[in-house]
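Colleague: First residue of the sequence shown: -8, per this note's numbering; consecutive thereafter. Dropping the structure in here first, questions after.
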Amino acid sequence: MFEYKGHIHIHSRYSDGGGKVKQIAARAAKAGLDFIIVTDHCNLDGLYAGEEGYQSGVLVMIGMEVNQECSHYLALGVKEVVANNDQNPQTVIDEVNRQKGIGIIAHPFE
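If you want it as structure tokens, here you go:
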């Protein structure tokens, strides 16, 4: 069995985070992480900028956080931005599924 350590919900300068993806990856490496998933609010700019892949020995994946009035939803493995227009949550789930992505409810207790 393999054990991997990572973080699946990080924001970068592409939304309300403070660092560049390469800086975040370098810090993740220092922390002993194997992977990170950058999930900026409402965009896939890191994906389109070619930031996925190994950086500083850490696997960097790019997803997005879909913000709605009632919830925040992580869309992983999508290649197109999932609309952020306060739609029915099921519509967002269906769009992530259409793109063959994986969805996770972000901070459900807020």
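Note that beta-carbon positions come from the ideal geometry of N, C-alpha and C, so glycine has one too.
DSSP three-state label for leucine 38, please.
Modeller: Here residue 38 is taken as the residue at index 47 of the sequence shown, counted from 1. Three-state DSSP puts leucine 38 in a helix.
Colleague: Give me the residue from Ile95, Lys70 and His98 with the minimum Cα distance to arginine 89.
Modeller: What you label residue 89 is simply residue 98 of the sequence shown in a count that begins at 1. With distances taken between Cα atoms, arginine 89 lies closest to Lys70.
Colleague: Please report the Cβ distance between valine 57 and asparagine 75, rounded to the nearest whole angstrom; I am assuming they are in contact, meaning their Cβ atoms lie under 8 Å.
Modeller: Counting from 1 along the sequence shown, the entry for residue 57 is found at position 66. Counting from 1 along the sequence shown, the entry for residue 75 is found at position 84. That belief holds up - the Cβ atoms of valine 57 and asparagine 75 are roughly 6 Å apart, short of 8 Å.
Colleague: Provide the residue span of the alpha helix (DSSP H) that contains alanine 19, from first to last.
Modeller: The count along the sequence shown starts at 1 and reaches residue 19 at position 28. That run of the alpha helix (DSSP H) goes 12 to 21.
Colleague: Quick check: is the beta carbon of methionine -8 nearer than 8 Å to any beta carbon in chain D?
Modeller: In the displayed structure, chain D is absent; only one protein chain is listed.
Colleague: Taking the beta carbon of isoleucine 103 as the centre, do at least 16 other beta carbons fall within 10 Å, making it buried, or is it exposed?
Modeller: Look at the range of the chain in this structure, -8 to 101, and you will see that residue 103 is not part of it.
Colleague: Determine the direct distance from the alpha carbon of isoleucine 93 to that of threonine 82, and round the result to whole angstroms.
Modeller: To locate residue 82, count along the sequence shown from 1; it is residue 91. To locate residue 93, count along the sequence shown from 1; it is residue 102. Roughly 14 Å separates the two Cα atoms.
Colleague: Looking at the unbroken alpha helix (DSSP H) that takes in aspartate 7, where does it start and where does it end?
Modeller: Taking the first residue of the sequence shown as 1, we reach residue 7 at position 16. Per DSSP, aspartate 7 belongs to no alpha helix (DSSP H) and is neither H nor E.
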